[in-house]
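Protein chains in written order, with our numbering: chain A, 209 to 548; chain B, 102 to 701. Where is the CB? At the ideal position from N, CA and C, for every residue including glycine. Structure first, then comments.
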């Protein structure tokens, strides 16, 4: 398996990174493996990948995949700003941001929201475990009200649901998944990367050390028992032929900018992923019923992304030289004369 | 009537902000400048949109002094709320043009009054209800024109120049000026000594530019392509000018594409973060802010220093701490900015002292940032940034961009992929970097604000940490020798003076005053941090050296003391001005005279 080359001629091993330093059994390590699989199968060229992150356990993970790609582990809660700037400098790069629930929903909530508001073309993965692992188990802002810390403290505050916030802001791609559900996570990562615009992917990723006990709503057992997938997701990249032979009326097909397709096979109630209000309702209903709704909640393939809105050329701004960036001598002389 | 005073006077217009008075003041300024007479305007405005007092001081000297004067010769009193106080500022023998309706009971008797019924004239002579309030200000331009003998042709030029982009507004403004001009001729005879006469020899080849305009132009010519900012006075206009200039010079109408992205960020944290992200990805990037924004940028500045990411950060200083006086000038960020961030951090700081240097150093800042892979701060201030200054026209850059040590795909092939992001190959402390997107398997590395070794790998190793910090220190030492050297003007005087930034204008004038009093003073102007060795050498050549700056604590004085050998420290003295008004020359010449009179 590992010697099979993908469409850019690379083996799966080329997408590996340094050995993880996270706890054995950490959900984040599973996500790292899903990332490796998704990037390998998509045939992403490592030199065109920029791995961005903030601070926390989640933000360490970009070191654990695609070692030959550039990565930037910045400051806490500010991955979106670095991502926005780097993207503007070179819009050819695939921007892949990895964040956590503290990095996103607490210190980084402002930048998270403004990234969405601008629809910067990037993938934003939240490795969401409801706790501050690196500082030893404090609640984060995504912890559910009434959920418990390992030593029994009860969370008394309403959670911030990154997906609900993203939907309220009109985010162009919103999905939720579970680190243990590779079948769902991998196609969602691929779809998020193929999507042009800000793709938010909130992946519940249990913290085995501080938040995997009874009384936690981010534990392996709780999520396994309460996950309710709204549809089976499969992703057909632009370089593969689409052949769908499902019964009519059982699938929905969303075509992305690059010609890729997201194929959603109905499981229970039919969810239209292009209906934002329906997506909000699905989340709210799941919450009321005590379920964790997963899958592709919403996608808008029409919205212009930030660089398009800003009229940035496809050629990287960072490659422009004096000839393109300096006005001519004549223009300069004319301009100076206007100050007389 | 006394001897006429020609081309040497200060006009102060006391008006209400948001009423259009700034336009009238600029017309007056441009008209006088057009006569070949040097002008030095200072706008003193409130942090308010409409209705509070504002003052515009237009200093006119045959020598072209550009510092603020604290003497008012001609007052234009247009604001009843400040009328009594404004009147006190006029020097004996001065002239006062005021709204006729203002009470003059028990007013001063040592000034000449020219009461003008501005409100009545506006009501009677200005037809447009919507423009009346704004055009009323133009009436005083006409009165001043009459009073000082400004030729009509100059007033016409002033209006046309001011309304370059709105030619339709020219006639209606000229009509309003005519109302004032006629009123002067019909009702007054000259009672004061002040007059203006066309002159030659000083303003030829000169233009009027704001420091923020100059810096925006400099950044544009320096090749900036990613700008992220958050509105804050007195920095906002820098990015707004940059937007305007970009729309003109970086826009391709055939493709509708722009060779620049200017992002109004959600706050200063995001603004500097975007600029750093862009710098990391290889673009020339910048942000611009003022004190409160600089405070917010501290953490990210440390990241850019430690991870070695080029970025240019403009700080147009205003009075702090906290919100301070948002529309008043200051030089009190120099100490903070120099070591901005926690941990051992030191930054490259450029200190433009003229608008021409705002242009040049803004432009060159991008070369320094790329060359040394570190943040470069450009410290301007409200006085320099937001007032118009007379300056020689700026020069077209002859140098190509210096993109610093960047390894291309070909370089990496030649090196067979053997390189280390934080390795000191050349012995100057400056490592090589690759840009994201470089098509070579060895190009990628992991940038982080946590501990890292020469290969950019994570480490908490004691030796690796110390080694890296020593290299960074060595890098800054290399940069120190490459930064703009101090400007020294020396003639062997026993006493020296050191200043930086906008204090320069007052120093020039103070030195003339002192020289005229038989006390020549040598001068060194610092243009960058870390300090050049020239500073200590200058101190060594003088018995006393005065460090003049616009902050309370003598921040540059402290930095120089730290850089001096112990035996020289005692030679330094400090002169500080920190009330938010641009420093006048007397704030230097007077204390210096006093201090020098005391035996050391």
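query, result
"Cβ neighbour criterion (16 or more within 10 Å) applied to residue 435 of chain A", "buried"
"Minimum Cβ-Cβ distance from residue 298 of chain A to chain B less than 8 Å", "yes"
"Residue 255 of chain A beta carbon near the ligand FAD (any heavy atom closer than 7 Å)", "The ligand FAD is not part of the structure shown, which contains no ligands of any sort."
"Identity of the residues DSSP links to residue 624 of chain B by a beta bridge", "B:590, B:598"
"Beta carbon of residue 156 of chain B nearer than 8 Å to that of residue 140 of chain B", "no"
"Simplified DSSP state of residue 330 of chain A, which is helix, strand or coil", "strand"
"Proximal residues to residue 493 of chain B (C-beta, below 7 Å), its chain only, five neighbours per side dropped", "306, 307, 457"
"Distance between residue 333 of chain A and residue 406 of chain A (C-alpha atoms, nearest Å)", "10 Å"
"The stretch 340–348 of chain A touching the stretch 318–328 of chain A, judged by at least three CB pairs closer than 8 Å", "no"
"Nearest-angstrom beta carbon gap, residue 197 of chain B and residue 176 of chain B [assumed within contact, 8 Å]", "5 Å"
"Inter-residue Cα distance where the pair is residue 511 of chain A and residue 443 of chain A", "21 Å"
"Positions along the stretch 262–292 of chain A whose CB lies within less than 9 Å of some CB in chain B", "263, 268, 270, 271, 274, 275, 276, 277, 278, 279, 280, 281, 282, 283, 284, 285, 286, 287, 288, 289, 290, 291, 292"
"Collapsed DSSP secondary structure at residue 683 of chain B in the structure displayed", "coil"
"Selected residue, minimal CA-CA separation from residue 113 of chain B, among B:104, B:136, B:138, B:154", "B:154"
"Three-state secondary structure (DSSP) of residue 305 of chain A", "strand"
"DSSP bridge partner residues for residue 242 of chain A (one or two, in chain order)", "Answer is none; residue 242 of chain A lacks a bridge partner."
"Neighbour list for residue 71 of chain B in chain A, Cβ cutoff strictly below 7 Å", "Here chain B comprises residues numbered 102 to 701, so residue 71 of chain B is not present and cannot be evaluated."
"N-terminal and C-terminal residue of the alpha helix (DSSP H) that residue 144 of chain B is part of", "Segment 140–145 is the beta strand (DSSP E) holding residue 144 of chain B; no alpha helix (DSSP H) there."
"Boundaries of the alpha helix (DSSP H) in which residue 395 of chain A is found, first to last residue", "390–402"
"Where residue 709 of chain B falls, given that 16 or more other Cβ within 10 Å makes a residue buried", "A question about residue 709 of chain B goes unanswered here, because the residues of chain B that appear run from 102 up to 701."
"Cutoff 7 Å; reference residue 266 of chain A; Cβ partners in own chain excluding five residues on either side", "236, 306, 307, 308, 311, 335"
"is_contact[residue 360 of chain B, chain A] using C-beta, thresh 8 Å", "yes"
"Between the CA atoms of residue 476 of chain A and residue 493 of chain A - distance to the nearest angstrom", "14 Å"
"Interfacial residues, the stretch 195–223 of chain B to chain A, with Cβ spacing under 7 Å", "none"
"8 Å Cβ cutoff met for residue 392 of chain A and residue 462 of chain A", "no"
"Opposing strand residues paired with residue 340 of chain A [DSSP bridges]", "A:346"
"Per-residue DSSP class, three states only, for residue 232 of chain A", "coil"
"Test: residue 518 of chain A CB closer than 8 Å to a CB of chain B", "yes"
"Distance CB(residue 273 of chain B)-CB(residue 328 of chain B) smaller than 8 Å", "no"
"Close-in-space but distant-in-sequence residues of the same chain around residue 562 of chain B (CB under 8 Å, 5 per side omitted)", "552, 554"
"Buried versus exposed call for residue 482 of chain B [16 or more other C-beta atoms within 10 Å across all chains shown]", "buried"
"Separation of residue 313 of chain B from residue 280 of chain B, as counted between CA atoms", "35 Å"
"Run of the alpha helix (DSSP H) containing residue 614 of chain B, from where it starts to where it stops", "604–617"
"Neighbour flag for residue 233 of chain B against chain A, beta carbons, 8 Å", "no"
"Interface partners of residue 523 of chain B on chain A, CB under 7 Å", "Those within 7 Å of residue 523 of chain B in chain A number zero; the least Cβ separation is about 15 Å."
"Identified DSSP bridge partners for residue 495 of chain B", "Note: residue 495 of chain B sits in no beta bridge, so no partner."
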